[in-house]
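Q:
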Amino acid sequence: MDRRHFLALPSLLAFTGRARASDGGYEVTRTDAEWREMLTPLQYKVMRREATEPPGSSPLDKVYDPGMYHCRGCDLALYSSKHKYDSGTGWPSFWKAQKGAVATKTDFKLIYPRTECHCSRCGSHLGHIFNDGPKPTGKRHCLNGVSLVFKPA
1 MDRRHFLALP SLLAFTGRAR ASDGGYEVTR TDAEWREMLT PLQYKVMRRE ATEPPGSSPL
61 DKVYDPGMYH CRGCDLALYS SKHKYDSGTG WPSFWKAQKG AVATKTDFKL IYPRTECHCS
121 RCGSHLGHIF NDGPKPTGKR HCLNGVSLVF KPA
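Take the sequence shown: its position 92, counted from the start at 1, is 92 in full-length UniProt numbering, and no numbers get skipped.
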C-alpha cells in the first residue's frame, strides 16, 4: 500500500461507518427529518452526526442515583447506575453496558483508532470505549449525556 492510499484509508473507513449508522439496518429507524424533529440541535449533532458534547456540560455526569440510563433515540436500556463511576473526564462513564445494548465500530476521526459505541437498536451515537477503566472490565464507556435519558429505579 503506498502512502497516498494509506492516508486515504481513515477517511474511507469513517465514511463507511457513518453510512452504516444511517442506512436503516436497525430495528428502530427514522428519516433524517424525523430525527431532527424529535431531537434538539445538539442531540442531533451528537446522536446522528457522531459529534461530542463539551466535557462537563451534562448534568448526568454527576447523577449516581439507582436507575437505568436509556437511549434518547429509542428508549433502549443501555447502562445500569450500578456500573457507573466518576472517571474525572466530565462525561458520564460506565465500566459495563447492558448485554446486547451497545454496538461498536472503529473510529479513525482523530487519525488513531478508537472504539465508538452506538445504540444497538437505533444506531444513535453514544460515545467511545477506552481501555483505561476500573476492574473488573478495565473499560471506560465515555458517553455523551445528551444521548441518554436517566430513569430512576
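Using N, Cα and C, we set each Cβ at its ideal position, and we do this for glycine too.
Among Leu42, Lys151, Thr31 and Gly56, which residue has its Cα nearest to the Cα of Asp86?
A: Gly56
Q: Measure how close the beta-carbons of Tyr64 and Leu148 come, nearest whole angstrom, since I'm counting them as under 8 Å.
A: Incorrect: roughly 14 Å between the Cβ atoms, too far for contact.
Q: For Asp86, which of helix, strand or coil comes out of DSSP?
A: coil
Q: Report the CB separation of Thr89 from Cys142 in whole angstroms; it is logged as a contact under 8 Å.
A: 6 Å
Q: Closest to Ala77 by CA distance: which of Lys96, Asp61, Asn131 and Gly133 is it?
A: Lys96
Q: Is Leu126 buried or exposed, if buried means 16 or more other CB atoms sit within 10 Å of its CB?
A: buried
Q: Use the C-beta contact count for Lys99: other C-beta atoms within 10 angstroms, 16 or more gives buried, fewer gives exposed.
A: exposed
Q: Pick from His118, Arg114 and Pro54: whose alpha carbon is nearest that of Asp132?
A: The shortest C-alpha separation from Asp132 is found at Arg114.
Q: Quick check on this structure: which residue in Gln43, Ile129, Ala33 and Tyr44 has the alpha carbon closest to the alpha carbon of Phe94?
A: Here the closest residue by C-alpha is Ile129.
Q: With 16 as the cutoff for other CB atoms within 10 Å, does Pro92 come out buried or exposed?
A: buried
Q: Are Val46 and Glu37 touching if we call contact CB-CB under 8 Å?
A: no
Q: Can you tell me whether DSSP reads Tyr79 as helix, strand or coil?
A: strand
Q: Measuring CA to CA, which of Lys84, Glu34 and Phe150 is closest to Gly138?
A: For the set Lys84, Glu34 and Phe150, the Cα lying nearest the Cα of Gly138 is the one of Lys84.
Q: Report the residue from Arg140, Thr29 and Ser81 whose alpha carbon sits nearest the alpha carbon of Leu60.
A: Ser81
Q: Report the residue from Arg72, Ser120 and Lys109 whose alpha carbon sits nearest the alpha carbon of Leu39.
A: Arg72
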